[in-house]
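Report on one structure; see the data block that follows.
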């Protein structure tokens, strides 16, 4: 193994290690926040469409019932997630460490 090969191997290892450090310190926490916000937005949309599932009368239920065949897989997961979910204040408070 020549000196140039060892230097290349060292630089590759260093690059991999620094990328892991950067991902763990900066990228991953921001990805988590983005994923939670996207999930919250999707939950609000599903709740606006299917509020009747929780006993809240909605005048648009007649029209949003047409979406149910397209959202049936997501509907079951969403309904389970909403019943097991903490309050919205607790969920939003987690991102600010209250």
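In our numbering, the protein residues as written are 2 to 99.
Don't be surprised by glycine CBs; every beta carbon is placed ideally from N, CA and C.
Values in this document were obtained by computation on a predicted structure and should not be read as measured data.
* Asked: Alpha carbon to alpha carbon, how far is residue 22 from residue 36?
  -> Approximately 21 angstroms, taken between the alpha carbons.
* Tell me, please, whether the segment 9–28 touches the segment 45–55 by the rule of three or more beta-carbon pairs shorter than 8 angstroms. => Contact between the segment 9–28 and the segment 45–55 is not established, with fewer than three Cβ pairs separated by less than 8 angstroms.
* How long is the line joining the alpha carbons of residue 4 and residue 85, rounded to whole angstroms? -> Distance between the alpha carbons of residue 4 and residue 85 is about 58 angstroms.
* **Within 8 angstroms, strictly: CB atoms of residue 54 and residue 74** => Residue 74 is positioned such that its CB atom lies no closer than 8 angstroms to that of residue 54.
* Asked: In or out: residue 32 buried (at least 16 other Cβ within 10 Å) or exposed?
  -> By the 10 Å Cβ count, residue 32 comes out exposed.
* Asked: Can you tell which of 63, 38, 77 has its C-alpha closest to the C-alpha of residue 94?
  -> With distances taken between Cα atoms, residue 94 lies closest to 38.
* Asked: Run through DSSP, which three-state label would residue 31 get?
  -> Judged by DSSP in its simplified three-state form, residue 31 adopts helix.
* residue 70 (DSSP reduced to helix, strand or coil) -> In the structure shown, the three-state DSSP call for residue 70 is helix.
* Asked: When DSSP labels each residue in this structure, what does residue 56 get in the three-state scheme?
  -> In the structure shown, residue 56 adopts coil according to DSSP, grouped into three states.
* Can you tell me whether DSSP reads residue 42 as helix, strand or coil? -> For residue 42, the secondary structure class from DSSP, reduced to helix, strand or coil, is helix.
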